[in-house]
Amino acid sequence: MVPAAGRPASAATAREILDAASTLLPPEKRVRVLEFAAALPRTTSGKVRRAALREQGPRAAEYRAEAPGAPTGP
Numbered sequence: 103m104v105p106a107a108g109r110p111a112s113a114a115t116a117r118e119i120l121d122a123a124s125t126l127l128p129p130e131k132r133v134r135v136l137e138f139a140a141a142l143p144r145t146t147s148g149k150v151r152r153a154a155l156r157e158q159g160p161r162a163a164e165y166r167a168e169a170p171g172a173p174t175g176p
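Under our numbering, the first residue of the sequence shown carries the number 103, and numbering increases by one thereafter.
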């Protein structure tokens with residue numbers, strides 16, 4: 103996730119997002135892991151390059167938070 107202008111990539115922001123998701127979404131659609139990054143890799147047409155995100159892995163994140171009860175490991 104790329105934070106909106108003026109929003110910090112912090113534990114408090116991650117907690118707000120995870121808390122909102124837990125109240126608005128059913129369990130199977132909730133975010134399990136939240137990672138902040140400066141920018142998302144995009145194609146020339148502007149689509150997010152999901153394969154590039156998978157290749158980057160969690161090391162590319164500025165901040166990473168896991169939802170309570172999120173499964174760990176592959």
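Every residue gets a Cβ at the ideal spot worked out from N, C-alpha and C, and that includes glycine. All values derive from a computational prediction rather than experimental measurement.
Distance between VAL133 and ARG144, taken at the CA atoms: about 22 Å.
Residue range 113-126 is occupied by the alpha helix (DSSP H) that includes LEU126.
Distances from the alpha-carbon of ALA114 to those of ARG156, PRO128 and PHE138 put PHE138 closest.
ILE119 places its beta carbon less than 8 Å from that of LEU136. Here ALA153 is exposed, its C-beta having fewer than 16 other C-beta atoms within 10 Å. Secondary structure note for GLU157: its alpha helix (DSSP H) is the uninterrupted segment 152-158.
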